[in-house]
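Participant:
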Amino acid sequence: MKRLLQILLIGLVAATASAPLYAAPRDFPRPPALERDVAFWKRIYSEVGTDGGLIHDSRNLGIVYEVVKMPRGLSRRGRERFTEKRRKHFKRILLKLAKGKRSGLSREEKRVLALFEPGVSNASLRRAAGRLRFQLGQADKFRAGVIRSGAYKQHILDILREQGLPLEIAHLPHVESSYTPSVYSRVGAAGLWQFTRSTGRRFMRVDHVVDERLDPYRASEAAARLLQQNYRVTGSWPLAITAYNHGASGMRRAARKLGTKDIVKIVRNYRSRTFGFASRNFYVEFLAADIVASNPELYFGPLVLDRPIEYETIALPFYASSKHLASALGVDVGALKKANPSLRPPVWRNAKYIPRGFELRVPRTNLPKPLHQLIASVPKEHRHARQTRDTKYTVRRGDTLSSIARRHHVRMSDLVALNGLRSRHRIRVGQKLRLPPDVTPATRRASYRHEPSRKHTRKPVATKSRAPISPVDPPKSGFYEVRRGDNLTKIARRFGLSVSELVAMNDLRSRNRITPGQKLRIVPTTVAAAKKKPAPHPDATAALSPARAVGPDPSSAELASATGANEVAEAPTTTDTETLAESAELLAASDESAIEPSPGLLADPSDYTVASDGTILVQPNETLGHYAEWLGLRASRLRKINGLRYG
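Numbering (the working numbering), first residue to last: 1173 to 1819.
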């Protein structure tokens, strides 16, 4: 008997060890009340392909009226008309039943009635007629996503382990993008993890030169940080996962309004203008994706997954055109483009250079010798000290003519004259503005000083002299993680840099907005030079660190010498036109302490950092009610303070 008990215990331990990820409910519980929802999404992910779908009740996913099979050859519009016709078919049946008819029913009408509990009321049937919805199948896309995931999943798992996060999160991209790194959504979310531009900019560089949302490796690091912050805000993994769709502050509001963090109560009872079908179902979609992706061969049969590609990476120590860099590396431009998906079309059209400091990635199989040696061999005439200047700019929401002029270091009056504008106060979203031709750095500074904003002219502020601080060594990773209470001035001083250098290094849009957990690039060579010289030129040195390169890593000094980084630094340089580095430097010269930002709050679009002057930067799609609730004020009080009218 004792021997039998030992065998049973060993078998139990072995079964537990081999159990799939979803069998451990500690982090991601599967309450019985959500089983019908999970079963629905398992069906969508593993049984119904994109050539069909399910017509169902949008609130009770246990009610499925029909499995729709699309006729072949239909256009997108034709498919929409077909599914709408089937939806209206069931609506007519439900409305007929809602009139109380229970006898003389057709077979189809009896089948629909049997989907509901016995004795269902007419009112319930009438409401159900208004909740009909079609969900497109995803099984073929999910299967393809599982195959694609082989190239990236191990990297994602390594990041999750490093951050101490649940490994099941590696299956979230199946919900977001079917593990497709280049996909865009209808609302502009992009990449493997479907970051919007606004959320992406909190963790990555997102502009018309580099969009790291499309880099599956950088985006995975950003997603881990976002989910970690979601968990800190919500205190629950089901809420943190739902917050990936609805926002951490949105989920915090939901929990506060209902007085619970119970995911079942929230998805069943919370009502909000923005908490719709997608947000309600996001957690159960994730659970279903986790189940299917944890044992894909059970659902799809034998699969051969894509293999991870081994890369060498290096921080580029100068600006370079994609054409000349590919030539120097001995690789095809197409291969370079495929390995660096975050570089935008202007780079591949050679309208923009690959930025200095960009982490270039090249497949090892394409390299005849170590990457840092190839970079060192780039001819001097193909190394550039600054980015090419933009010639046109498309106005975006929130832009003003003065902000555009500051961003591109030109005079507002020049913009008005060059574009024939009748008023400097009227520009529209989508309008294309011509930018003045390139000017020298001295002219730019003079232009910026010559025409300050009348409304925001600063008075000189007396500041206390500070004792010089010895700069510390940069982190070995080359990145510094922002802590609560940090600001750019403190961080720059700590590493012996100027604020403008830090802004330029990280392509920050504003020196007044950093958030806890954000990672800032600290160029090692620059810091080393800062220790020797009390006040280096902003671009005195450049970094070259062959991360993940094969063989022993050469020292920074050896690389700087080999690549001629010092020669580049001696050339006349300006910062990338995508940053506000020079304008920040000018402001710092007149008033460094007055613009020191308040410590960041929560890194979420709906959390609102209050600036030192008592103002909040309004975020897109937010309401006055949200701001009032967060500040603990009545909305009417907020209107009165800001002189806002109703309507």
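Even for Gly, the Cβ is constructed at its ideal location relative to N, Cα and C.
With a CB to CB cut of under 8 Å and the five nearest residues on each side skipped, what residues in its chain are close to Ala1205?
Facilitator: By one-based count along the sequence shown, residue 1205 stands at place 33. Take Ala1205, set aside five residues on each side of it, and the residues of its chain with a beta-carbon closer than 8 Å to its own are Val1436 and Arg1440, in chain order.
Participant: Are the CB atoms of His1544 and Ile1481 nearer to each other than 8 Å?
Facilitator: The residue labelled residue 1544 in the question sits at position 372 within the sequence shown. The residue labelled residue 1481 in the question sits at position 309 within the sequence shown. Against a cut-off of 8 Å, the Cβ pair of Ile1481 and His1544 comes out as no contact.
Participant: List in chain order: all unbroken alpha helix (DSSP H) runs of 4+ residues lying wholly within the region 1338 to 1422.
Facilitator: 1344 to 1348, 1369 to 1372, 1388 to 1406 and 1409 to 1418
Participant: Going by DSSP, name the residue or residues bridged to Glu1531.
Facilitator: For this step, residue 1531 is matched to residue 359 along the sequence shown. Partner(s): Ala1487.
Participant: With three or more beta-carbon pairs closer than 8 Å as the criterion, would you say the region 1544 to 1559 touches the region 1491 to 1499?
Facilitator: yes
Participant: From what residue to what residue does the beta strand (DSSP E) around Asp1229 run?
Facilitator: Here residue 1229 refers to the residue found at position 57 of the sequence shown. Its beta strand (DSSP E) spans residues Gly1224 to Asp1229.
Participant: Would you mind giving the Cβ-Cβ distance between Ala1500 and Thr1560, rounded to the nearest angstrom? I have them listed as a contact below 8 Å.
Facilitator: The residue given as residue 1500 occupies position 328 in the sequence shown. The residue given as residue 1560 occupies position 388 in the sequence shown. A Cβ-Cβ distance of about 18 Å is found for the pair Ala1500 and Thr1560, leaving them out of contact under the 8 Å criterion.
Participant: For the beta strand (DSSP E) that Lys1648 lies in, which residues bound it at each end?
Facilitator: Position 476 of the sequence shown holds residue 1648. Lys1648 -> no beta strand (DSSP E), and no H or E assigned at all.
Participant: Is the beta carbon of Asp1199 less than 8 Å from the beta carbon of Trp1409?
Facilitator: To locate residue 1199, count along the sequence shown from 1; it is residue 27. To locate residue 1409, count along the sequence shown from 1; it is residue 237. Yes. Within cutoff.
Participant: Using only CA atoms, which one of Gly1506, Pro1518, Arg1521 and Ile1463 lies nearest to Arg1533?
Facilitator: Stepping through the sequence shown from its first residue, residue 1533 is reached at position 361. Distance check between Arg1533 and each of Gly1506, Pro1518, Arg1521 and Ile1463 places Gly1506 closest, using alpha-carbon atoms only.
Participant: Per DSSP, which one or two residues make a beta bridge with His1556?
Facilitator: For the purposes of this step, residue 1556 is taken as residue 384 along the sequence shown, with counting starting at 1. Per DSSP, the beta bridge partners of His1556 are Tyr1491.
Participant: Rounded to the nearest angstrom, what separates Arg1208 and Phe1288 at their Cα positions?
Facilitator: Taking the first residue of the sequence shown as 1, we reach residue 1208 at position 36. Taking the first residue of the sequence shown as 1, we reach residue 1288 at position 116. The alpha-carbon atoms of Arg1208 and Phe1288 are separated by roughly 14 Å.
Participant: In this structure, does DSSP put Leu1308 in helix, strand or coil?
Facilitator: Looking up residue 1308 in the sequence shown gives position 136. Judged by DSSP in its simplified three-state form, Leu1308 adopts strand.
Participant: Let's see if you can read the secondary structure: which residues bound the alpha helix (DSSP H) around Glu1457?
Facilitator: Locating residue 1457 in the sequence shown gives position 285, where the first residue counts as 1. It spans Phe1449 to Ser1466 - the alpha helix (DSSP H) in which Glu1457 sits, taken as one unbroken run.
Participant: What whole-angstrom Cβ distance do Ser1350 and Lys1313 have, given they're in contact under 8 Å?
Facilitator: Residue mapping note: residue 1350 aligns to position 178 of the sequence shown, counting from 1. Residue mapping note: residue 1313 aligns to position 141 of the sequence shown, counting from 1. The distance from the Cβ of Ser1350 to that of Lys1313 is about 5 Å, consistent with a contact at the 8 Å cut-off.
Participant: Do you know how far the Cα of Leu1339 is from the Cα of Leu1193?
Facilitator: In the sequence shown, residue 1193 corresponds to position 21, counting from 1. In the sequence shown, residue 1339 corresponds to position 167, counting from 1. Caution is warranted here: a pLDDT of 37 is assigned to Leu1193, below 50, making its placement in the model unreliable, and the coordinate value is therefore given only provisionally. For Leu1193 and Leu1339, the distance between alpha carbons rounds to 8 Å.
Participant: Return helix, strand or coil for Arg1903, following the three-state DSSP convention.
Facilitator: Beyond the ends of the chain as shown, which are 1173 and 1819, falls residue 1903; an answer cannot be given.
Participant: Excluding the 5 residues flanking Leu1546 on each side, which residues of the same chain have their C-beta closer than 6 Å to its C-beta?
Facilitator: To locate residue 1546, count along the sequence shown from 1; it is residue 374. Excluding sequence neighbours, Leu1546 sits near Leu1501.
Participant: Would you call the region 1310 to 1330 in contact with the region 1262 to 1277, where contact means no fewer than 3 C-beta pairs closer than 8 Å?
Facilitator: no
Participant: Which partner residues does Val1601 have in the DSSP bridge list?
Facilitator: Here residue 1601 refers to the residue found at position 429 when the sequence shown is read from its first residue. Paired residues: none, contrary to the question.
Participant: Quick check on DSSP: helix, strand or coil for Tyr1565?
Facilitator: The residue given as residue 1565 occupies position 393 in the sequence shown. Under the three-state reduction of DSSP, Tyr1565 is assigned to strand.
Participant: Please name the residue in Leu1497, Ala1394, Arg1809 and Arg1521 whose C-alpha comes closest to that of His1554.
Facilitator: The residue labelled residue 1554 in the question sits at position 382 within the sequence shown. Residue Leu1497 is the option with its Cα nearest to His1554.
Participant: What's the call for Asp1330, buried or exposed, on a 16-neighbour Cβ count within 10 Å?
Facilitator: Translated into the one-based positions of the sequence shown, residue 1330 becomes position 158. Asp1330 is exposed by the Cβ-count criterion.
Participant: Please specify which runs of the alpha helix (DSSP H), each continuous and at least 4 residues long, are wholly inside the region 1204 to 1284, giving them in chain order.
Facilitator: Taking only runs of at least 4 residues, the alpha helix (DSSP H) segments lying wholly in the region 1204 to 1284 are 1207 to 1218 and 1248 to 1270.
Participant: Is there contact here, the region 1508 to 1527 with the region 1373 to 1388, by at least three beta-carbon pairs under 8 Å?
Facilitator: yes
Participant: Let's test the definition: count the other Cβ atoms within 10 Å of the Cβ of Leu1759 and tell me whether it reaches 16, buried, or not, exposed.
Facilitator: On the sequence shown, position 587 is the one that residue 1759 refers to. Bear in mind that the predicted position of Leu1759 carries a pLDDT of just 31, short of 50, making it unreliable; the figure below should be weighed with that in mind. Answer is buried; the Cβ neighbour count reaches 16.
Participant: Output yes or no for whether 8 Å exceeds the beta carbon distance between Phe1458 and Val1347.
Facilitator: The residue you call residue 1458 lines up with position 286 of the sequence shown. The residue you call residue 1347 lines up with position 175 of the sequence shown. With contacts defined by Cβ atoms closer than 8 Å, Phe1458 and Val1347 form a contacting pair.
Participant: Do Thr1414 and Ser1370 have their beta-carbon atoms positioned less than 8 Å apart in this structure?
Facilitator: Walking along the sequence shown from the start, residue 1370 turns up at place 198. Walking along the sequence shown from the start, residue 1414 turns up at place 242. Not in contact: Ser1370 and Thr1414 (Cβ atoms no closer than 8 Å).
Participant: CB Gly1221 to CB Val1239, shorter than 8 Å?
Facilitator: Residue mapping note: residue 1221 aligns to position 49 of the sequence shown, counting from 1. Residue mapping note: residue 1239 aligns to position 67 of the sequence shown, counting from 1. Not a contact, by the Cβ cut-off of 8 Å.
Participant: From Tyr1483 to Arg1536, what distance separates their C-alpha atoms?
Facilitator: Here residue 1483 is taken as the residue at index 311 of the sequence shown, counted from 1. Here residue 1536 is taken as the residue at index 364 of the sequence shown, counted from 1. Roughly 5 Å between the two C-alpha positions.
Participant: Cα-Cα, which of Pro1688, Leu1680, Ala1426 and Leu1674 is closest to Ile1694?
Facilitator: Along the sequence shown, read from residue 1 onward, the residue named residue 1694 stands at position 522. The shortest C-alpha separation from Ile1694 is found at Leu1674.
Participant: Considering only the beta carbon of each residue, do Gly1363 and Arg1377 sit closer than 8 Å?
Facilitator: As a first step, residue 1363 is located in the sequence shown; it is residue number 191 there, counting from the start. As a first step, residue 1377 is located in the sequence shown; it is residue number 205 there, counting from the start. No; because the gap between Cβ atoms is not below 8 Å, this pair is not in contact.
Participant: Under a Cβ-count criterion, where at least 16 other Cβ atoms within 10 Å of its own Cβ denotes burial, should His1343 be classed as buried or exposed?
Facilitator: Here residue 1343 is taken as the residue at index 171 of the sequence shown, counted from 1. Buried, by the Cβ-count rule.
Participant: What would DSSP say about Lys1691, mapped onto helix, strand or coil?
Facilitator: Within the sequence shown, residue 1691 is the residue found at index 519, counting from 1. The answer is strand: DSSP assigns Lys1691 an E or B state.
Participant: Taking Cβ to Cβ, would you say Thr1446 is nearer than 8 Å to Gly1407?
Facilitator: Here the question's residue 1446 lines up with position 274 in the sequence shown. Here the question's residue 1407 lines up with position 235 in the sequence shown. In this structure, Thr1446 keeps its C-beta atom at 8 Å or more from the C-beta atom of Gly1407.
Participant: Check whether the Cβ atoms of Val1456 and Ser1218 lie closer than 8 Å to each other.
Facilitator: Looking up residue 1456 in the sequence shown gives position 284. Looking up residue 1218 in the sequence shown gives position 46. Going by C-beta atoms, Val1456 is not nearer than 8 Å to Ser1218.
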